[in-house]
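Visitor: Have a look at this one.
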């Protein structure tokens, strides 16, 4: 899976959780909560959606890495690389 494919998955999951994000210009390094009306429950639902879609276990301690699009893609790319090597 490429980083662009991961980005597409993250954006799709985000659009399902917060429909107002769909079609919006998303700043990759700006916090999701600063860009959109996302609360704690929405964020948790995003983590669950990404886990279901990609099969990646995301520990609560790593949630801060998902504060923006760049961090989310980087984290998931690393996890998916590790997963496919073993």
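In our numbering, the protein residues as written are 1 to 86.
Even for Gly, the Cβ is constructed at its ideal location relative to N, Cα and C.
1. Over what stretch of residues does the alpha helix (DSSP H) that includes residue 35 continue unbroken?
2. Taking just the CA atoms, how far does residue 46 sit from residue 16?
3. For a test of the three-state rule: what should DSSP assign to residue 12, helix, strand or coil?
4. Among 79, 10 and 67, whose alpha-carbon lies nearest the alpha-carbon of residue 56?
5. Given a threshold of 16 other Cβ atoms within 10 Å of its Cβ, counted over all protein chains shown, does residue 58 qualify as buried or as exposed?
Guide: Quick look at the numbers:
1. Counted from its first residue, the chain shown places residue 35 at position 35. Where residue 35 is concerned, the enclosing alpha helix (DSSP H) stretches over 32–35.
2. One-based indexing of the chain shown puts residue 16 at position 16. One-based indexing of the chain shown puts residue 46 at position 46. Spanning the two alpha carbons is a distance of roughly 9 Å.
3. Numbered from its first residue, the chain shown carries residue 12 at position 12. Helix.
4. Position 56 of the chain shown holds residue 56. For residue 56, the nearest C-alpha among the options comes from 79.
5. What you label residue 58 is simply residue 58 of the chain shown in a count that begins at 1. Buried, by the Cβ-count rule.
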